[in-house]
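Engineer: Please read through the structure below; I'll follow up with questions.
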Amino acid sequence: MRDLAALHPRLQAKAALLKDTCKKEGIAILFSESLRTKAEQDALYAQGRTASGNIVTNAKGSTYSSQHQWGIAVDFYLDMDVGL
Numbered sequence: 001m002r003d004l005a006a007l008h009p010r011l012q013a014k015a016a017l018l019k020d021t022c023k024k025e026g027i028a029i030l031f032s033e034s035l036r037t038k039a040e041q042d043a044l045y046a047q048g049r050t051a052s053g054n055i056v057t058n059a060k061g062s063t064y065s066s067q068h069q070w071g072i073a074v075d076f077y078l079d080m081d082v083g084l
């Protein structure tokens with residue numbers, strides 16, 4: 001999920017500040033993950049275990065040990081054309 005409005009209000013403000021600060025430095029960023037449901041977290045946990053792909057997390061959805069499930073984590077990446 002990419003909906004920053006689903007995040008904890010303080011993190012929403014920090015994410016906006018990060019994006020603005022990066023922009024002022026000529027760095028464009030986008031957000032890729034924010035709040036995750038139990039099912040979304042379980043699907044990520046299954047990668048590399050019972051589903052194809054590489055292992056990307058050690059946090060099971062049922063344990064609520066991912067900060068994403070609490071709305072207090074956000075992933076971001078550089079928005080750039082890599083010219084592939």
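In terms of this note's numbering, the sequence shown opens at residue 1 and continues consecutively. Each residue gets a CB set at the ideal place from its N, CA and C atoms; glycine is no exception.
#1: Using C-beta distances below 8 Å, list every residue in its chain close to I27, excluding the 5 sequence neighbours before and after it, in chain order.
#2: Please state whether DSSP places A51 in a helix, a strand or coil.
#3: Excluding the 5 residues preceding and the 5 following G71 in the sequence, name in chain order all residues of the same chain whose CB lies nearer than 8 Å to its CB.
#4: If we require 3 or more residues per run, which beta strand (DSSP E) segments fall completely within the stretch 6-79?
#5: If we call anything under 7 Å between Cβ atoms a contact, is M69 one with V56?
#6: For the candidate residues Q67, F76 and Y45, whose alpha-carbon lies nearest to that of K19?
Structural biologist: Walking through what the data contain:
#1: L78
#2: Under the three-state reduction of DSSP, A51 is assigned to strand.
#3: A6, L7, H8, L11, S34 and L35
#4: Qualifying beta strand (DSSP E) stretches, in chain order: 29-33 and 75-78.
#5: Reading off the sequence shown, one finds Gln at residue 69, where the question assumed Met. Not in contact: Q69 and V56 (Cβ atoms no closer than 7 Å).
#6: F76
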